[in-house]
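K.L.:
Here it is: the structure, laid out below.
There are 2 protein chains.
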Amino acid sequence: MRQKQSLAHTSLLVLSLLSRQDMYGYQMIATLEQRLDPAFSMKEGTLYPILRELENAGAVSCYEQEVSGRTRKYYHLTRKGRRQLAEEQEQWERYEHAINAVLHMA
Amino acid sequence: MRQKQSLAHTSLLVLSLLSRQDMYGYQMIATLEQRLDPAFSMKEGTLYPILRELENAGAVSCYEQEVSGRTRKYYHLTRKGRRQLAEEQEQWERYEHAINAVLHMA
DNA sequence: TTATATACATAGAGATACAAGGTATGAGAG
DNA sequence: CTCTCATACCTTGTATCTCTATGTATATAA
Numbered sequence: 005m006r007q008k009q010s011l012a013h014t015s016l017l018v019l020s021l022l023s024r025q026d027m028y029g030y031q032m033i034a035t036l037e038q039r040l041d042p043a044f045s046m047k048e049g050t051l052y053p054i055l056r057e058l059e060n061a062g063a064v065s066c067y068e069q070e071v072s073g074r075t076r077k078y079y080h081l082t083r084k085g086r087r088q089l090a091e092e093q094e095q096w097e098r099y100e101h102a103i104n105a106v107l108h109m110a
Numbered sequence: 005m006r007q008k009q010s011l012a013h014t015s016l017l018v019l020s021l022l023s024r025q026d027m028y029g030y031q032m033i034a035t036l037e038q039r040l041d042p043a044f045s046m047k048e049g050t051l052y053p054i055l056r057e058l059e060n061a062g063a064v065s066c067y068e069q070e071v072s073g074r075t076r077k078y079y080h081l082t083r084k085g086r087r088q089l090a091e092e093q094e095q096w097e098r099y100e101h102a103i104n105a106v107l108h109m110a
């Protein structure tokens, strides 16, 4: 049985979250948990590698902050990241329309 | 560099096409080529394995037809396939809304 | 003191889609 | 007549993607 992939367009989601405020990993997961359908929650094994890639690509920068004993690693969207967000958002919209065009074919 | 996956929800597209008329593989690809953004065109290496799985799952049945020397393998959506289409369509909508909910967060 | 929540991270496995290749026929160009 | 292109099928291997499972460590609540 073919198993549906629960998530795609993951970096789009991450970039989108960071476009509003700096966030740390655990917080992103919690936020998505609320916003997203629980069926599509993002897992740690998915998020952290993406954050690393975004950082290597220069789309995000990061800094650490100690809060009551625990170290949080905050991520900040760079100008380059903003461009990437715009591109991925546009691509998502094209994707969305393409699928819907087929679904609602005459 | 992370490479965007160009397609997902592939079986949804196939089932959707077949809900309107019986079709053969090459025709589906050509039809999607027109309807879909060319960037998301479905490749043969993607389609044929899916058709086989759908057949194994009993979602489609198939029959051959000879047309001017060339053999076409037509696929027909079964009742079970219709149910699967309904499910996948619903899931697509939930996915779509979930992504958009994050993108358009206040 | 034990469990739960917070917070990071990685390795391995399974799923997914594509590129690249193969077979074969028909039609049109030269 | 031959070569190429379009039609029509299909498979193998590779790259990529996401999750599961696991690991570390601290704070807080029971």
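Protein chains in written order, with the working numbering: chain D, 5 to 110; chain H, 5 to 110. Note that CB positions come from ideal geometry on N, CA and C, so glycine has one too.
(1) Any idea if Val71/D is buried or exposed, counting beta-carbon neighbours within 10 angstroms, 16 or more meaning buried?
(2) Does Met109/D come out as helix, strand or coil in the three-state DSSP assignment?
(3) If distances are taken between C-alpha atoms only, which option among Val106/D, Tyr30/D, Val64/D and Pro42/D comes closest to Leu16/D?
(4) Can the beta-carbon of Tyr114/D be found less than 9 Å from the beta-carbon of Asp41/H?
(5) State the CB to CB distance for the pair Arg24/D and Met109/H, rounded to an integer number of angstroms; the pair is presumed to be in contact (CB under 8 Å).
(6) What is the rounded straight-line gap between the Cα of Val18/D and the Cα of Ala34/D?
(7) Helix, strand or coil: which one does DSSP assign to Met32/H?
(8) Counting only beta-carbon atoms, is Met27/H nearer than 9 Å to chain D?
(9) Contact criterion: CB-CB distance below 9 Å. Does Ala105/H meet it with respect to chain D?
(10) Roughly how far, in whole angstroms, is the beta-carbon of Met46/H from the beta-carbon of Leu36/H, given that I think they are within contact range, below 8 Å?
(11) Got a sec: is the Cβ-Cβ distance from Glu94/H to anything in chain D below 9 Å?
(12) Please name the residues in the segment 74-92 of chain H whose beta-carbon is closer than 8 Å to at least one beta-carbon of chain D, in chain order.
(13) Taking only three categories from DSSP, how would you classify Leu17/H?
(14) In terms of alpha-carbon separation, which member of Ala105/D, Glu91/D, Tyr52/D and Ala12/D lies closest to Gln31/D?
(15) Have a look at Arg86/H, Glu48/H, His13/H and Leu21/H and flag the residue whose alpha-carbon is nearest the alpha-carbon of Arg39/H.
(16) Taking any Cβ of chain H, which residues in the segment 32-49 of chain D have a Cβ under 8 Å from it, in chain order?
(17) In chain order, which continuous runs of the beta strand (DSSP E) of length 3 or greater are located wholly inside the segment 54-80 of chain H?
(18) Suppose the cutoff is 7 Å on Cβ atoms and the five residues either side in sequence are ignored; what does the same chain contact list for Trp96/H look like?
P.N.:
In brief:
(1) The residue labelled residue 71/D in the question sits at position 67 within the first sequence. Around the beta carbon of Val71/D, fewer than 16 other beta carbons sit within 10 angstroms, so the residue counts as exposed.
(2) Taking the first sequence and counting its residues from 1, one reaches residue 109/D at position 105. Look at Met109/D here: in three-state DSSP terms it is coil, with no helix or strand label.
(3) Position 12 of the first sequence, counted from the first residue, corresponds to residue 16/D. Selected option, being the one with the closest Cα: Val64/D.
(4) The structure shown does not extend to residue 114/D, since chain D is modelled only from 5 to 110, so the question has no answer here.
(5) Looking up residue 24/D in the first sequence gives position 20. Looking up residue 109/H in the second sequence gives position 105. The pair is a contact, with the Cβ atoms about 7 Å apart (cut-off 8 Å).
(6) What you label residue 18/D is simply residue 14 of the first sequence in a count that begins at 1. What you label residue 34/D is simply residue 30 of the first sequence in a count that begins at 1. CA-CA distance, Val18/D to Ala34/D, rounds to 12 Å.
(7) The residue you call residue 32/H lines up with position 28 of the second sequence. Helix, per DSSP.
(8) The residue you call residue 27/H lines up with position 23 of the second sequence. No, Met27/H lies away from the interface with chain D (no Cβ there is under 9 Å from its Cβ).
(9) What you label residue 105/H is simply residue 101 of the second sequence in a count that begins at 1. Taking Cβ atoms only, chain D reaches closer than 9 Å to Ala105/H, which makes this a yes.
(10) Taking the first residue of the second sequence as position 1, residue 46/H is located at position 42. Taking the first residue of the second sequence as position 1, residue 36/H is located at position 32. 5 Å between Cβ atoms; contact.
(11) Translated into the one-based positions of the second sequence, residue 94/H becomes position 90. Among the residues facing chain D, Glu94/H is not included, as its CB has no counterpart in that chain under 9 Å away.
(12) Residues Glu92.
(13) Mapped onto the second sequence, residue 17/H falls at position 13. DSSP, read as helix, strand or coil, puts Leu17/H in helix.
(14) For this step, residue 31/D is matched to residue 27 along the first sequence. With distances taken between Cα atoms, Gln31/D lies closest to Tyr52/D.
(15) Walking along the second sequence from the start, residue 39/H turns up at place 35. When Arg86/H, Glu48/H, His13/H and Leu21/H are compared, the shortest CA-CA separation from Arg39/H is found for Leu21/H.
(16) Those would be Leu36, Arg39, Leu40, Asp41, Ala43 and Phe44, in chain order.
(17) Runs of the beta strand (DSSP E) inside the segment 54-80 of chain H: 64-71.
(18) As a working note, residue 96/H is residue 92 in the second sequence. Residues His13 and Leu16 of the same chain have their beta carbon placed closer than 7 Å to that of Trp96/H, with the five preceding and five following residues left out of the count.
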